[in-house]
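Engineer: Per my numbering, the very first residue in the sequence shown carries number 69; after that it's consecutive.
Note that beta-carbon positions come from the ideal geometry of N, C-alpha and C, so glycine has one too.
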Amino acid sequence: MIVCVCHRVSDRDIAIAASAGCPSFEALQEDLRVATACGACHDCACEVFEESRVAGGAASPRGKTIAIHARLAA
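#1: For V102, which three-state DSSP category applies?
#2: Take C74 and list the residues in its own chain whose beta-carbon comes closer than 6 angstroms to its own, dropping the five residues that flank it on each side.
#3: What is the C-beta distance between V116 and I70, in whole angstroms, given that I count them as a contact (C-beta under 8 angstroms)?
#4: I need the DSSP call for C72, collapsed to helix, strand or coil.
#5: Candidates P91, S78 and C72: which alpha carbon is nearest R121's?
Written as structure tokens, this is what we have:
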């Protein structure tokens, strides 16, 4: 699911960053630019980031756990 429409960041992108060791939401914003334009996605992006950190990098869209494999940032 797309979380940040302005920068086209998905819940999977956030989960990948969390599983790769992104230390904070502020660092996530620097890396992915999520919630840095209009800000409408801020709460959702924070929630997805925190859930992904707790779950060890797995996203849980609509109640389903999806295993996320870390990818190299371009």
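Structural biologist: In this structure, then:
#1: coil
#2: A105 and C106
#3: Contact flag wrong, Cβ pair sits at about 11 angstroms.
#4: Residue state, collapsed to three classes: strand.
#5: P91
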